[in-house]
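What follows is a set of notes on a single structure, which appears directly below.
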Amino acid sequence: MAKQNTVFKDAFNRCLRLVAETATLPSEPELGTALGVSRTTIRAILARMETLQLIAWNKREKRVLRQPVAADYYPAEETDSLSDIIERSFMRRILAGGAEPGMQINELELARDIGTGTTSVREFLIRFSRFGLIEKRPNSHWILKGFTREFALELTEVREMFELRSAASFTTLAADHPAWLELSRIEALHREILADIDNRYREFSELDERFHLLVHKSSSNRFIIDFYDIITIVFHYHYQWNKTNARERNALAMEEHLAYIAALKTRDLAKVEAACRRHLQSARETLLQSIQ
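Position in the sequence shown (from 1) plus 1 gives the number in the working numbering.
Next comes the structure, spelled out in structure tokens:
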């Protein structure tokens, strides 16, 4: 269950919340629909609940024996949200296929790979399709339309507007806001990776996502945060499409991040805007270079 581990733990925690609200659990297909996971995962959840003496499971009857306690739940850091798991699996599949226009994506195969229900996968693909990068075809198939230069330029234009706005918001956060602590953690991780850049430069793309998402979230604007989905997909993963000079490119981007972080810590709007614009200009150039 290694690849399904996070799916299982996330669904198990959500099922515990159902146990807390009812005397008997519904049928396996109903549970699968409610939690957005496969029947195999549902059976694994029920088996664990029986082991923990949370339920008495006798064929179709699943009677609740006791209320869940804190110790029954998996820790939050072990449970990625289902949408995060689907997004990562979707991108891995696209990258493995070389991200070529015309590449087919099959809902059923993707759901089977993850160990989740097709409904959850379809919802993700529909949400993602609004950006025009994938298109629905008959029989649970989708087609990758490709990342054009025009698409990249439109995307960077909107990204720059949103990020400048978010960076300005960041400077107004209260001194005790948790985002400052997270910013310091991210800064320390940048220094750690740079100190061993030859071996760790591939870790940059995830660090890049973590840093920019933190900045975007400070906007407290639901549209900016929602738009970050598409930014993540394109900017985060293009580092993996284009392998040319990856070490040098990632090292430079990390240095730019550190200058950007230092500017945020000063709360000086002019410094923040200059550092932000410098980094976004580099990101734009790198993105355009990665598109054939």
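For glycine and all other residues, C-beta sits at the position ideal for the given N, C-alpha and C.
Check whether residue i and residue j have beta carbons under 7 Å apart
{"i": "A276", "j": "A254", "result": "no"}
{"i": "H217", "j": "I225", "result": "yes"}
{"i": "F171", "j": "L288", "result": "no"}
{"i": "R15", "j": "L36", "result": "yes"}
{"i": "R89", "j": "T25", "result": "no"}
{"i": "G69", "j": "L17", "result": "One point to set straight first is that residue 69 is Pro, not Gly, in the sequence displayed. Yes, the pair counts as a contact, with Cβ atoms nearer than the cut-off."}
{"i": "H258", "j": "H191", "result": "yes"}
{"i": "E188", "j": "I127", "result": "no"}
Cα-Cα separation, residue i to residue j
{"i": "V1", "j": "I46", "result": "In the structure as shown, the chain starts at 2 and stops at 293, and residue 1 therefore has no counterpart that could be examined."}
{"i": "D11", "j": "A271", "result": "42 Å"}
{"i": "S283", "j": "E249", "result": "13 Å"}
{"i": "R150", "j": "R160", "result": "15 Å"}
{"i": "E256", "j": "D269", "result": "19 Å"}
{"i": "P30", "j": "T42", "result": "11 Å"}
{"i": "L154", "j": "W58", "result": "56 Å"}
{"i": "D73", "j": "L53", "result": "8 Å"}
{"i": "T23", "j": "K137", "result": "39 Å"}
CA nearest to the CA of residue i, picked from the options
{"i": "D85", "options": "V8, P69 and A247", "result": "V8"}
{"i": "L66", "options": "T172, Y74 and I56", "result": "I56"}
{"i": "F148", "options": "I231, Y74 and S28", "result": "I231"}
{"i": "A71", "options": "L111, T41, F13 and G116", "result": "F13"}
{"i": "W143", "options": "A153, F152, R203 and R131", "result": "R131"}
Local Cβ density within 10 Å of residue i, reported as buried at 16 or more and exposed below that
{"i": "S121", "result": "buried"}
{"i": "M50", "result": "buried"}
{"i": "I106", "result": "buried"}
{"i": "A3", "result": "Its pLDDT being 39, under 50, A3 is placed unreliably in this model, and the value from its coordinates should be taken loosely. Exposed, by the Cβ-count rule."}
{"i": "T117", "result": "buried"}
{"i": "D1", "result": "The structure shown does not extend to residue 1, since the chain is modelled only from 2 to 293, so the question has no answer here."}
{"i": "S294", "result": "There is no way to answer for residue 294, as the model of the chain reaches only from 2 to 293."}
Completely contained alpha helix (DSSP H) runs for the stretch 117-153, where each covers 4 or more residues
119-130
Just to confirm the assignment: which complete alpha helix (DSSP H) runs, minimum length 4, are found wholly within the stretch 3-68?
6-20, 29-36 and 40-52
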